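This report concerns only the one structure given below.
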Amino acid sequence: MESIATKDLMARASAAARVGEALQARSVRRGLQKNPENAEAWLGLAGVIDNPDDKKAVLEQALRVDPENTEANAGLERSRGVCRCRAGAMTLSRRPTLTCPPFCNAPCSSWISSQRRAQAAPPPAATEEVLYCVNHPDTETLLRCNKCGRPVCTRCVQLTDVGYRCKDCISNQQKVYFNAEKLDYPIAFAVGFIVCAFAAPISGILLSRLGLFGWIIAILAGSAAGGFLAEIVRRAVGRRRGRHLWAVAFAGILLGVLVGSLAASRIENSFSLFSIANLLFLGLALSTTYYRLR
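Everything in the sequence shown is counted per the numbering used here, starting at 1437 for the first residue and increasing by one.
This is the structure in structure tokens:
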């Protein structure tokens, strides 16, 4: 049999229920009529009551049924002006983390809305690590070598067919193709010097004496002579490649041209190196030799 206090509370609660939640109030009231010792039903009834005194009385009744009920205790504190859920001190069981008890209204709603907006907002972008070139510590960069992964600036990187690579990785990869031996360098220098020391004075004397015909020969034969000279040097070193082999051979060629021309000037009493036809011939020959050896 229901107690008089219980009947009075349910009657006052039903009368004070908000219009929009009248169905919920009637449902809770029916539950309490069947089982007045149900603390959850009392809490549900408190959620549809607007009158503070009635709400407090219903919460006290819920605590009499279940003195350890967390929501009922929080509701009473709320009625005294303390909102525990707003301070983030209460975690509700059987409810989402950001859901206040039904009896905790306006002061918490703004806090809940702000927390939901904070959760829905995208996380702040991670701060990108500032990279500095391994060869220039004061230079910031966004580039990395796609082989070793080290950060490098634009001065230390080259664009290859497979992406950006640092000069060290390119140099290490090129070492596979360089198989020249130590004796190849003096051999290349000597061959270039000897060939040009004999060929330069001969070409200078002939071209200077042929006049206009010498110009035609210089244009037609200059590149071919340079390719032939480069092939002689390459065969002399067994077609092996060296990183600086071309520079050594080219130095011998230039020195041979100069020495041979000086020797020819002693014989002819004129410095045939500076004849226009000979300069044209040497320019074409040396440029071809340079590109073939390199």
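Quick reminder that beta carbons are idealized off the backbone N, C-alpha and C, glycines included.
Source: prediction; values computed, not measured.
query                                                                                                                         : result
Local conformation of residue 1575 per DSSP, three classes                                                                    : coil
Helix, strand or coil at residue 1676 according to DSSP, with G and I counted as helix                                        : coil
For residue 1587, the three-state DSSP class (helix, strand or coil)                                                          : strand
Residue range of the beta strand (DSSP E) that includes residue 1500                                                          : Premise fails: residue 1500 lies in the alpha helix (DSSP H), 1488 to 1501, not in any beta strand (DSSP E).
Candidates 1575, 1696 and 1725: closest to residue 1667 by CA position                                                        : 1725
Residue 1669 versus residue 1614 - alpha carbon distance                                                                      : 16 Å
Meets three-Cβ-pair contact criterion under 8 Å: the segment 1615 to 1628 and the segment 1678 to 1692                        : yes
C-alpha distance - residue 1568 paired with residue 1580, whole-angstrom precision                                            : 10 Å
Segment limits, beta strand (DSSP E) that includes residue 1728                                                               : Element bounds for residue 1728: not the beta strand (DSSP E) but the alpha helix (DSSP H), 1712 to 1729.
C-beta atoms of residue 1472 and residue 1494 nearer than 9 Å                                                                 : no
Contact the segment 1577 to 1597 vs the segment 1641 to 1649: 3+ CB pairs below 8 Å                                           : no
Neighbourhood of residue 1496 by C-beta distance below 6 Å, restricted to the same chain and skipping five residues each side : none
C-alpha gap between residue 1716 and residue 1654, whole angstroms                                                            : 6 Å
Exposure of residue 1712, with buried meaning 16 or more beta-carbon neighbours within 10 Å                                   : exposed
Residue 1665, DSSP secondary structure in three states                                                                        : helix
Buried/exposed call for residue 1634, threshold 16 Cβ in 10 Å                                                                 : exposed
Residue environment, residue 1674, which counts as buried when at least 16 other CB atoms sit within 10 Å                     : exposed
Exposed unless 16 or more other CB atoms sit within 10 angstroms - verdict on residue 1636                                    : buried
Straight-line gap, residue 1602 to residue 1592 (C-alpha atoms, nearest Å)                                                    : 6 Å
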